[in-house]
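Take a look at the structure below.
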Amino acid sequence: DSADWIIDLLPDWQPYIFMADGTVNDAPMLSNQHAHKIPLALNRGREAASYLSFIITHYYDLPEYMVFIHGDRYQTHNADIAQMYDTLPLIQKLDLDYVDLEGYVNLRCNWKHCPEPYIVPRPGHEDSIWEAHGEYVKAWEFIFPNKTLPEKVAAPCCAQFAVDRRTIHRWPVAQYELIRAWMWSRDGDIASMKSGIILEYMWHILFGKPAYWCAPVKPCYCGTWNMCDLDCDETKGWCKGRIWTSDPPPSLPDGLTWPMEGWEK
(Lines of atoms letter the chains of each structure in order from A; the text may use other names.)
(Lines give C-alpha, C1' and ligand atoms only; values in the text may rest on other atoms or scores of the structure.)
Protein backbone atom coordinates (compact mmCIF):
# COMPACT_ATOMS: atom_id res chain seq x y z
CA ASP A 24 0.00 0.00 0.00
CA SER A 25 1.16 3.56 -0.69
CA ALA A 26 1.82 5.46 2.52
CA ASP A 27 3.16 8.69 1.02
CA TRP A 28 0.02 10.54 2.10
CA ILE A 29 0.92 9.98 5.77
CA ILE A 30 4.22 11.77 5.32
CA ASP A 31 2.81 14.60 3.22
CA LEU A 32 -0.42 15.33 5.09
CA LEU A 33 0.27 14.48 8.74
CA PRO A 34 3.42 16.48 9.54
CA ASP A 35 2.73 16.47 13.29
CA TRP A 36 2.91 12.68 13.45
CA GLN A 37 6.06 10.60 13.21
CA PRO A 38 5.36 7.74 10.80
CA TYR A 39 6.77 4.24 11.09
CA ILE A 40 5.98 2.49 7.83
CA PHE A 41 6.45 -1.27 7.77
CA MET A 42 7.17 -2.81 4.38
CA ALA A 43 5.23 -6.07 4.47
CA ASP A 44 6.25 -7.36 1.04
CA GLY A 45 9.64 -5.84 0.39
CA THR A 46 12.88 -4.59 1.83
CA VAL A 47 13.82 -1.02 2.64
CA ASN A 48 15.73 -0.84 -0.62
CA ASP A 49 12.56 -1.72 -2.53
CA ALA A 50 10.52 0.95 -0.76
CA PRO A 51 10.02 4.47 -2.11
CA MET A 52 12.25 7.15 -0.64
CA LEU A 53 10.61 9.06 2.18
CA SER A 54 10.72 12.84 1.96
CA ASN A 55 10.25 13.36 5.71
CA GLN A 56 13.50 12.87 7.59
CA HIS A 57 11.51 11.87 10.68
CA ALA A 58 9.71 9.05 8.87
CA HIS A 59 10.98 5.51 9.24
CA LYS A 60 10.58 2.60 6.85
CA ILE A 61 11.12 -0.84 8.25
CA PRO A 62 11.12 -4.24 6.52
CA LEU A 63 9.15 -6.99 8.26
CA ALA A 64 11.24 -9.99 9.25
CA LEU A 65 8.27 -12.28 8.55
CA ASN A 66 4.95 -11.23 7.03
CA ARG A 67 2.33 -13.32 8.78
CA GLY A 68 -0.84 -12.29 10.56
CA ARG A 69 -1.74 -9.38 8.26
CA GLU A 70 -1.36 -5.97 9.96
CA ALA A 71 -0.69 -7.56 13.36
CA ALA A 72 2.89 -8.39 12.36
CA SER A 73 3.66 -4.69 11.85
CA TYR A 74 1.81 -3.55 14.96
CA LEU A 75 3.53 -6.06 17.24
CA SER A 76 6.94 -5.43 15.72
CA PHE A 77 6.62 -1.71 16.43
CA ILE A 78 5.49 -2.29 20.01
CA ILE A 79 8.30 -4.76 20.71
CA THR A 80 11.04 -2.67 19.09
CA HIS A 81 10.01 0.58 20.79
CA TYR A 82 8.55 -0.78 24.02
CA TYR A 83 10.91 1.22 26.24
CA ASP A 84 10.67 4.47 24.27
CA LEU A 85 7.07 4.50 23.07
CA PRO A 86 5.44 7.87 22.30
CA GLU A 87 2.60 9.01 24.52
CA TYR A 88 -0.04 8.30 21.85
CA MET A 89 0.00 5.96 18.86
CA VAL A 90 -2.32 5.28 15.94
CA PHE A 91 -2.10 1.92 14.19
CA ILE A 92 -3.55 1.92 10.66
CA HIS A 93 -3.29 0.22 7.29
CA GLY A 94 -1.22 1.87 4.59
CA ASP A 95 -3.78 3.04 2.02
CA ARG A 96 -5.49 6.36 2.58
CA TYR A 97 -8.90 5.35 1.14
CA GLN A 98 -10.36 2.08 2.42
CA THR A 99 -13.95 0.90 2.44
CA HIS A 100 -13.70 -0.35 6.02
CA ASN A 101 -12.73 3.08 7.36
CA ALA A 102 -15.03 4.92 9.72
CA ASP A 103 -17.19 7.24 7.65
CA ILE A 104 -16.70 10.55 9.45
CA ALA A 105 -16.07 12.31 6.13
CA GLN A 106 -18.20 9.89 4.07
CA MET A 107 -15.33 9.32 1.65
CA TYR A 108 -13.64 6.27 3.22
CA ASP A 109 -10.74 8.59 4.02
CA THR A 110 -8.23 7.75 6.76
CA LEU A 111 -6.86 11.30 6.95
CA PRO A 112 -9.69 12.94 8.96
CA LEU A 113 -9.75 9.96 11.33
CA ILE A 114 -6.32 11.07 12.52
CA GLN A 115 -6.63 14.84 12.00
CA LYS A 116 -9.82 15.05 14.07
CA LEU A 117 -8.81 12.46 16.67
CA ASP A 118 -9.26 13.79 20.22
CA LEU A 119 -6.17 12.68 22.13
CA ASP A 120 -7.80 13.61 25.43
CA TYR A 121 -10.35 10.89 24.70
CA VAL A 122 -7.57 8.43 23.88
CA ASP A 123 -5.99 9.37 27.21
CA LEU A 124 -9.31 8.77 28.97
CA GLU A 125 -10.07 5.44 27.30
CA GLY A 126 -6.57 4.12 26.81
CA TYR A 127 -7.66 2.27 23.67
CA VAL A 128 -9.98 3.63 20.96
CA ASN A 129 -11.15 1.65 17.93
CA LEU A 130 -11.20 3.90 14.85
CA ARG A 131 -14.67 2.61 13.97
CA CYS A 132 -17.80 3.56 15.87
CA ASN A 133 -20.54 2.12 13.66
CA TRP A 134 -21.12 -1.52 14.48
CA LYS A 135 -19.58 -3.99 12.11
CA HIS A 136 -19.58 -7.50 13.58
CA CYS A 137 -21.72 -6.15 16.42
CA PRO A 138 -24.03 -6.75 18.25
CA GLU A 139 -23.88 -10.42 17.24
CA PRO A 140 -20.56 -11.85 18.42
CA TYR A 141 -18.12 -12.35 15.57
CA ILE A 142 -16.33 -15.13 17.42
CA VAL A 143 -17.92 -17.67 19.76
CA PRO A 144 -14.96 -19.65 21.12
CA ARG A 145 -15.65 -23.38 20.78
CA PRO A 146 -13.00 -25.92 21.77
CA GLY A 147 -12.50 -28.46 18.99
CA HIS A 148 -14.67 -26.60 16.50
CA GLU A 149 -13.82 -27.27 12.84
CA ASP A 150 -13.60 -23.77 11.41
CA SER A 151 -14.46 -22.88 7.84
CA ILE A 152 -12.01 -20.64 5.98
CA TRP A 153 -13.47 -17.39 7.42
CA GLU A 154 -14.26 -18.77 10.89
CA ALA A 155 -12.00 -18.73 13.91
CA HIS A 156 -14.17 -20.16 16.70
CA GLY A 157 -11.94 -23.17 17.31
CA GLU A 158 -8.65 -21.48 16.48
CA TYR A 159 -9.47 -18.62 18.85
CA VAL A 160 -9.58 -21.10 21.73
CA LYS A 161 -6.10 -22.43 20.90
CA ALA A 162 -4.72 -18.91 20.59
CA TRP A 163 -6.33 -17.80 23.85
CA GLU A 164 -4.93 -20.76 25.79
CA PHE A 165 -1.44 -19.99 24.45
CA ILE A 166 -1.55 -16.21 24.92
CA PHE A 167 -3.64 -16.00 28.12
CA PRO A 168 -3.15 -19.37 29.85
CA ASN A 169 -4.35 -18.05 33.21
CA LYS A 170 -7.38 -16.11 31.97
CA THR A 171 -10.92 -17.42 31.59
CA LEU A 172 -11.94 -18.07 27.99
CA PRO A 173 -14.72 -15.60 27.03
CA GLU A 174 -18.09 -16.97 25.93
CA LYS A 175 -18.36 -14.50 23.05
CA VAL A 176 -16.13 -11.95 21.37
CA ALA A 177 -17.29 -8.86 19.49
CA ALA A 178 -15.95 -5.45 18.54
CA PRO A 179 -16.23 -3.19 15.50
CA CYS A 180 -13.82 -4.25 12.78
CA CYS A 181 -11.12 -3.65 11.29
CA ALA A 182 -7.88 -3.56 13.33
CA GLN A 183 -7.25 0.21 13.21
CA PHE A 184 -7.03 1.96 16.55
CA ALA A 185 -5.43 4.58 18.78
CA VAL A 186 -3.77 3.62 22.04
CA ASP A 187 -1.67 5.34 24.66
CA ARG A 188 1.68 4.28 26.11
CA ARG A 189 0.22 3.56 29.54
CA THR A 190 -2.19 1.02 28.08
CA ILE A 191 0.47 -0.82 26.08
CA HIS A 192 2.58 -0.95 29.23
CA ARG A 193 -0.18 -2.88 31.01
CA TRP A 194 1.69 -5.90 29.66
CA PRO A 195 5.42 -6.61 29.76
CA VAL A 196 7.25 -6.69 26.45
CA ALA A 197 7.53 -10.47 26.84
CA GLN A 198 3.76 -10.75 26.35
CA TYR A 199 3.93 -9.05 22.95
CA GLU A 200 6.91 -11.20 22.02
CA LEU A 201 4.87 -14.28 22.94
CA ILE A 202 1.98 -13.18 20.75
CA ARG A 203 4.25 -12.47 17.80
CA ALA A 204 6.02 -15.81 18.23
CA TRP A 205 2.64 -17.58 18.17
CA MET A 206 1.61 -15.65 15.07
CA TRP A 207 4.89 -16.27 13.25
CA SER A 208 4.58 -19.98 13.99
CA ARG A 209 1.41 -20.10 11.89
CA ASP A 210 2.72 -21.31 8.54
CA GLY A 211 0.67 -21.13 5.34
CA ASP A 212 -1.59 -18.49 3.82
CA ILE A 213 -4.81 -19.59 5.55
CA ALA A 214 -3.16 -19.94 8.96
CA SER A 215 -1.52 -16.54 8.53
CA MET A 216 -4.83 -14.95 7.54
CA LYS A 217 -6.66 -16.52 10.49
CA SER A 218 -4.05 -15.40 12.98
CA GLY A 219 -4.66 -11.86 11.73
CA ILE A 220 -8.41 -12.30 12.26
CA ILE A 221 -7.84 -13.63 15.76
CA LEU A 222 -5.66 -10.65 16.68
CA GLU A 223 -8.21 -8.28 15.11
CA TYR A 224 -10.67 -9.49 17.75
CA MET A 225 -8.14 -9.62 20.55
CA TRP A 226 -6.59 -6.12 20.49
CA HIS A 227 -9.45 -4.60 22.48
CA ILE A 228 -9.13 -7.31 25.14
CA LEU A 229 -5.35 -6.95 25.29
CA PHE A 230 -5.82 -3.21 25.86
CA GLY A 231 -8.32 -3.45 28.68
CA LYS A 232 -11.78 -3.67 27.14
CA PRO A 233 -14.22 -6.53 27.76
CA ALA A 234 -14.30 -9.37 25.24
CA TYR A 235 -17.79 -8.31 24.12
CA TRP A 236 -17.23 -4.65 23.26
CA CYS A 237 -20.06 -3.11 21.22
CA ALA A 238 -19.73 0.41 22.57
CA PRO A 239 -22.60 2.94 22.19
CA VAL A 240 -22.03 4.75 18.91
CA LYS A 241 -23.08 8.31 19.80
CA PRO A 242 -20.62 8.68 22.71
CA CYS A 243 -17.99 7.04 20.51
CA TYR A 244 -18.34 9.61 17.71
CA CYS A 245 -18.55 12.43 20.23
CA GLY A 246 -15.51 11.37 22.21
CA THR A 247 -13.29 10.17 19.37
CA TRP A 248 -13.86 12.99 16.85
CA ASN A 249 -16.01 15.57 18.70
CA MET A 250 -18.97 14.75 16.43
CA CYS A 251 -21.60 15.18 19.13
CA ASP A 252 -24.70 16.24 17.15
CA LEU A 253 -25.33 13.03 15.19
CA ASP A 254 -28.74 11.36 15.15
CA CYS A 255 -27.96 7.81 16.26
CA ASP A 256 -29.87 4.57 16.76
CA GLU A 257 -28.12 2.86 19.64
CA THR A 258 -30.13 -0.34 19.20
CA LYS A 259 -28.68 -0.83 15.72
CA GLY A 260 -25.29 0.75 16.31
CA TRP A 261 -25.27 3.42 13.61
CA CYS A 262 -25.76 7.14 13.19
CA LYS A 263 -27.77 8.83 10.45
CA GLY A 264 -25.62 9.58 7.43
CA ARG A 265 -22.82 7.39 8.81
CA ILE A 266 -24.26 3.93 8.28
CA TRP A 267 -22.11 1.01 7.25
CA THR A 268 -23.65 -0.21 4.00
CA SER A 269 -24.12 -3.90 3.30
CA ASP A 270 -24.03 -3.22 -0.45
CA PRO A 271 -20.97 -4.43 -2.37
CA PRO A 272 -18.19 -1.95 -1.61
CA PRO A 273 -16.87 0.25 -4.39
CA SER A 274 -13.49 -0.16 -5.99
CA LEU A 275 -11.40 2.82 -4.96
CA PRO A 276 -9.06 4.30 -7.58
CA ASP A 277 -5.35 4.23 -6.94
CA GLY A 278 -3.47 7.36 -5.97
CA LEU A 279 -4.25 10.40 -3.86
CA THR A 280 -6.79 12.11 -6.11
CA TRP A 281 -9.83 10.05 -5.13
CA PRO A 282 -12.62 10.99 -4.45
CA MET A 283 -12.14 13.73 -7.03
CA GLU A 284 -11.65 10.96 -9.60
CA GLY A 285 -15.03 9.44 -8.74
CA TRP A 286 -16.16 5.87 -8.12
CA GLU A 287 -15.64 2.76 -10.14
CA LYS A 288 -18.19 0.09 -9.33
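Under our numbering, the first residue of the sequence shown is numbered 24, with each subsequent residue one higher.
Cβ atoms here follow ideal geometry from the backbone N, Cα and C, with glycine treated the same way.
Just so it is clear, the structure is predicted and the values come from calculations on it, not from any experiment.
Report the option in the options whose CA atom is closest to the CA atom of residue i.
| i | options | result |
| --- | --- | --- |
| Y199 | C181, D212, F167 and K217 | F167 |
| A182 | Y74, W36 and A26 | Y74 |
| E174 | D31, I221 and Y235 | Y235 |
| D27 | A71, H93 and H81 | H93 |
| M216 | D31, G68 and H59 | G68 |
| R131 | Y82, P195 and A238 | A238 |
| L119 | T99, T247, G260 and P233 | T247 |
Span of the beta strand (DSSP E) holding residue i?
| i | result |
| --- | --- |
| I61 | H59 to P62 |
| D187 | F184 to D187 |
| R77 | It is Phe, not Arg, that sits at residue 77 in the sequence shown. Note, F77: premise wrong, no beta strand (DSSP E); alpha helix (DSSP H) at E70 to T80. |
Excluding the five sequence neighbours on either side, which residues of its own chain have a C-beta within less than 7 Å of the C-beta of residue i, listed in chain order?
| i | result |
| --- | --- |
| K241 | L253, C255, E257 and C262 |
| I152 | I213 |
| L33 | I114 |
Taking a contact to mean a Cβ-Cβ separation below 8 Å, would you say residue i touches residue j in this structure?
| i | j | result |
| --- | --- | --- |
| R188 | P38 | no |
| Y244 | I142 | no |
| H227 | N129 | yes |
| F184 | F91 | yes |
| R96 | D84 | no |
Among the residues of its own chain, which have a CB less than 6 Å from the CB of residue i, if the five just before and after it don't count?
| i | result |
| --- | --- |
| F41 | I61, L63 and S73 |
| P51 | With a pLDDT of 48 at P51, under the threshold of 50, the predicted position of this residue should be treated as unreliable, and no value is reported. |
| P146 | V160 |
| A43 | L63 and N66 |
| H148 | H156 and G157 |
Using the rule of at least 16 other Cβ atoms within 10 Å of the residue's Cβ for burial, across every protein chain shown, is residue i buried or exposed?
| i | result |
| --- | --- |
| D35 | exposed |
| D49 | Note that D49 has pLDDT 44, beneath the 50 cutoff, so the model's placement of it is unreliable and no number is given. |
If you follow the alpha helix (DSSP H) that residue i is in, where does it begin and where does it stop?
| i | result |
| --- | --- |
| I92 | Unbroken run through I92: none, as it is neither H nor E. |
I'd like to know whether the C-beta of residue i is nearer than 8 Å to at least one C-beta of chain C.
| i | result |
| --- | --- |
| V128 | Of the protein chains in the structure, only one exists, and it is not chain C. |
Beta-carbon within less than 8 Å of residue i's beta-carbon, same chain only, minus the 5 sequence neighbours each way: which residues are those?
| i | result |
| --- | --- |
| D123 | Y88 and D187 |
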